[in-house]
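Asks: I'd like to ask you about the structure that follows.
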Amino acid sequence: MDTPDCPCGSGRAYVACCGRFHAGRPAPTAVALMRSRYSAFALGLPDYLLVTWHPATRPADLDLDPATTWTGLEILGTEAGKAWDRAGTVTFAASFSSSDGEGTMRERSRFTLEGGRWYYVDGAQF
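With the UniProt record's numbering applied, the sequence shown closes on residue 126, and no number is skipped along the way.
So this is what it looks like as structure tokens:
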């Protein structure tokens, strides 16, 4: 039986890529968390997005737009964010289509490692 490719664009099967993080395993790096969060947007998993968002900046709730389809992720750069770091950044471009047309969101996201888990802190779009 074939397993579907992961939405994050890694070329790996979902279950061996972001699926394991969505199932509860901590992401080992900031970029792995970034990819898993993109996949959560693509798959409509707001609970995962909230649990991986740092409590200091996390919104009370999150409503995903069902009319938005995430169509691709490109990692443009990373700074730190390895298993031995305490913080890191990931710069990415995420393409999408929506009722307004097609577009690309570019962001430099900040991540922090606390209690053995990476969290998304915030991001600046450009």
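Virtual Cβ for every residue (Gly too), placed ideally from N, Cα, C.
Bear in mind that the values here come from a model prediction, so they are computed numbers and not experimental data.
Label G88 either buried or exposed according to how many other C-beta atoms from any shown protein chain fall within 10 Å of its C-beta, with 16 as the threshold for buried.
Replies: On the sequence shown, position 88 is the one that residue 88 refers to. Answer is buried; the Cβ neighbour count reaches 16.
Asks: Any idea what DSSP makes of S99, helix, strand or coil?
Replies: Along the sequence shown, read from residue 1 onward, the residue named residue 99 stands at position 99. S99 falls in the coil class under three-state DSSP.
Asks: What residue does the beta strand (DSSP E) around G123 start on, and which one ends it?
Replies: Numbered from 1 along the sequence shown, position 123 holds the residue referred to as residue 123. First-last of the beta strand (DSSP E) with G123: 117-125.
Asks: How is L45 classed by DSSP in three states: helix, strand or coil?
Replies: As a working note, residue 45 is residue 45 in the sequence shown. Three-state result, L45: coil.
Asks: Which word fits F111, buried or exposed, when buried means at least 16 other C-beta atoms lie within 10 angstroms of its C-beta?
Replies: Stepping through the sequence shown from its first residue, residue 111 is reached at position 111. Buried, because 16 or more other Cβ atoms sit within 10 Å of the Cβ of F111.
Asks: In the DSSP assignment, what residue or residues form a beta bridge with R106?
Replies: Taking the first residue of the sequence shown as position 1, residue 106 is located at position 106. Its beta-bridge partners are A93.
Asks: Return the Cβ separation of E107 and G123 in integer angstroms, given the expectation that the two are a contact with Cβ distance under 8 Å.
Replies: The residue given as residue 107 occupies position 107 in the sequence shown. The residue given as residue 123 occupies position 123 in the sequence shown. That belief holds up - the Cβ atoms of E107 and G123 are roughly 4 Å apart, short of 8 Å.
Asks: Assuming P7 and Y38 form a contact by the criterion Cβ under 8 Å, report the distance between their Cβ atoms to the nearest whole angstrom.
Replies: On the sequence shown, position 7 is the one that residue 7 refers to. On the sequence shown, position 38 is the one that residue 38 refers to. About 7 Å; that satisfies the 8 Å criterion.
Asks: From the DSSP output, in three-state form, read off L76 for me.
Replies: By one-based count along the sequence shown, residue 76 stands at place 76. Reduced to three states, the DSSP call for L76 is strand.
Asks: Given a cut-off of 8 Å on the beta-carbon distance, is the pair V31 and V121 in contact?
Replies: Position 31 of the sequence shown holds residue 31. Position 121 of the sequence shown holds residue 121. No, Cβ-Cβ distance for V31 and V121 is not below 8 Å.
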